[in-house]
Amino acid sequence: MLNGLMKKFAGKKSSKDTAKKRLQFALVYDKLEINEMTLESLQKDIVEVISKYFEIDTKSLQLEVQREQELSALVFNTPILCVKKNRAYNSQKT
Amino acid sequence: MEGKIIVVTSGKGGVGKTTATASIGAALALEGNRVAVIDMDIGLRNLDVVLGLENRIVFNIVDVVNKRCNLSQALIRDRRIENLFLVPASQSDNKDVLTPLGVQRVAKQLKSEFDYVIMDSPAGIEKGFENSVVAADEAIVICTPDVSSIRDADRVIGLLYARSITPRLVVNRIIPEMVARGDMLSHEDVMDVLSIDLLGLVPMDDQVVVSTNTGMPLVMQNQSLAGQAFRRIAKRINGEPEIPIQVPTAMKTGFWSKITQKLGLTK
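These protein sequence lines map, in sequence, to chains A and B.
Each residue of the first sequence is one higher than the last, beginning at 1 in this note's numbering.
Each residue of the second sequence is one higher than the last, beginning at 1001 in this note's numbering.
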């Protein structure tokens, strides 16, 4: 107890505070991790949806999760070859 | 009435799952319940030695699940504590020999014959873990106040929630002197990090090693602080949730208190 108080007065941070901060950060970070299989099936679904409206180059597309200290973002990069013109018309008809 | 299946799990190995299973099981039996403790750590069994029943093993849980024997043939009755039974793990198989479906079938039978069935899960989150939680009604997550154990506990808590099980936490091996010094996470810190209900706090206790050496259940040693903590945990499980959670406190280490302790004047 006294030891703890002395540390506080001396302005020294106790090791458990460091542990707690590191833990909280690690747990948040861990939960942002996406496994390979999820990412693959997400990519498949996205390609499927986009292909309804655009013709895209499926070979050169990229899907990745970019992580930074504060936030993480899903980035999907694809070259558009052309827009499917008759899309709106078709969907009205069916 | 049907019994309850409680799984004891942690993610990380070596945090005290087996000791907790043995202690909580024994304590629940001392409270007058019919209890079966099941060692689900196939290939690395230890619940039998912790309970001092290792030389009475004939059949094991793999035999029961794979129908090589009846459940009653694999149940080892503890001669010191009435109504305490052990189903040991197999030492020669690996964890893949059990299937969730087979475990569920045996679990159903266990439930009909016992008030409490405590499953000692293996470390890890693979198939052995799956088999241990597949039939569970409740879960107890054990962690020690250190970074790696808490991180793994968080992972396991997530997996349990995904199975619609709301686990409760036991913080094991608390060293009050270190907590006071600020060199060990307090149980409040642990609770801050993991959002989960607290079931109990267990202090570091030399008696755990002694009890494992001899195979005498910890909860039968009245002077053991960890044993007392596990008995209170068992009471909370067994319909007395109001029993207050005692925070382990530092023993006085001054000259006079040492002497009075030696003389048995103070606890």
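Even for Gly, the Cβ is constructed at its ideal location relative to N, Cα and C.
Own chain partners of residue i with C-beta closer than 8 Å, once the 5 adjacent residues on each side are dropped
{"i": "R1173(B)", "result": "V1015, G1016, T1144, P1145, V1202, P1203 and M1204"}
{"i": "E55(A)", "result": "I80, L81, C82, V83 and K84"}
{"i": "I1081(B)", "result": "A1026, A1029, L1030, P1217 and M1220"}
Buried versus exposed call for residue i [16 or more other C-beta atoms within 10 Å across all chains shown]
{"i": "R1151(B)", "result": "buried"}
{"i": "V1170(B)", "result": "buried"}
{"i": "M1001(B)", "result": "exposed"}
{"i": "G1025(B)", "result": "buried"}
{"i": "M37(A)", "result": "exposed"}
{"i": "Q69(A)", "result": "exposed"}
{"i": "K1012(B)", "result": "buried"}
{"i": "S1121(B)", "result": "buried"}
{"i": "Q1246(B)", "result": "exposed"}
{"i": "G1003(B)", "result": "buried"}
{"i": "Q24(A)", "result": "exposed"}
{"i": "F1129(B)", "result": "buried"}
{"i": "D57(A)", "result": "exposed"}
{"i": "T94(A)", "result": "At T94(A) the pLDDT is 48, less than 50, meaning the model places this residue with poor confidence; the figure from the coordinates comes in the next sentence. Classification for T94(A): exposed."}
{"i": "D30(A)", "result": "exposed"}
{"i": "P1241(B)", "result": "exposed"}
{"i": "D1197(B)", "result": "exposed"}
{"i": "K1095(B)", "result": "buried"}
{"i": "D17(A)", "result": "exposed"}
Where residue i meets chain A, residues with beta-carbon distance less than 7 Å
{"i": "V1147(B)", "result": "A19, R22 and L23"}
{"i": "D1189(B)", "result": "K16 and K20"}
Beta-carbon gap between residue i and residue j smaller than 8 Å
{"i": "V1097(B)", "j": "V1007(B)", "result": "no"}
{"i": "V1117(B)", "j": "D1039(B)", "result": "no"}
{"i": "R1168(B)", "j": "I1142(B)", "result": "no"}
{"i": "A1123(B)", "j": "S1023(B)", "result": "no"}
{"i": "V1058(B)", "j": "T1212(B)", "result": "no"}
{"i": "I1005(B)", "j": "K1111(B)", "result": "yes"}
{"i": "I1193(B)", "j": "K20(A)", "result": "The sequence as given places Val at residue 1193(B); Ile does not occur at that position. It is a contact, given that the beta carbons lie within the stated cut-off."}
{"i": "L1030(B)", "j": "I1237(B)", "result": "no"}
{"i": "I1165(B)", "j": "E1138(B)", "result": "yes"}
{"i": "R1250(B)", "j": "A1180(B)", "result": "Correcting the residue type first, residue 1250(B) is Ala in the shown sequence and not Arg. Yes, the pair counts as a contact, with Cβ atoms nearer than the cut-off."}
{"i": "D1115(B)", "j": "V1035(B)", "result": "yes"}
{"i": "L1071(B)", "j": "Q1109(B)", "result": "yes"}
Proximal residues of chain A, C-beta to C-beta of residue i below 8 Å
{"i": "I1150(B)", "result": "L23"}
Under 8 Å from the C-beta of residue i: neighbouring residues of chain B
{"i": "L27(A)", "result": "R1151, D1154 and V1193"}
{"i": "S15(A)", "result": "G1182 and D1183"}
Residues near residue i in its chain [Cβ-Cβ closer than 6 Å; skip 5 each side]
{"i": "R1232(B)", "result": "I1243"}
{"i": "K13(A)", "result": "none"}
Cβ-based neighbour list, residue i, same chain, cut-off 7 Å, excluding 5 preceding and 5 following
{"i": "K1267(B)", "result": "Reliability fails at K1267(B), whose pLDDT of 42 lies under 50, so the model's placement of it is uncertain and the value that follows must be treated cautiously. Cβ neighbours of K1267(B) beyond the five flanking positions: none."}
{"i": "I34(A)", "result": "V65"}
{"i": "Q1228(B)", "result": "none"}
{"i": "M1178(B)", "result": "M1184"}
{"i": "D1048(B)", "result": "D1039, E1054, I1057, L1086 and P1088"}
Three-pair Cβ contact test at 8 Å for the region 1176-1185 of chain B versus the region 1212-1228 of chain B | no
The region 1039-1051 of chain B touching the region 1070-1090 of chain B, judged by at least three CB pairs closer than 8 Å = yes
Looking at C-beta atoms only, is the number of pairs between the region 1063-1077 of chain B and the region 1147-1161 of chain B that lie closer than 8 Å three or more?
-> no
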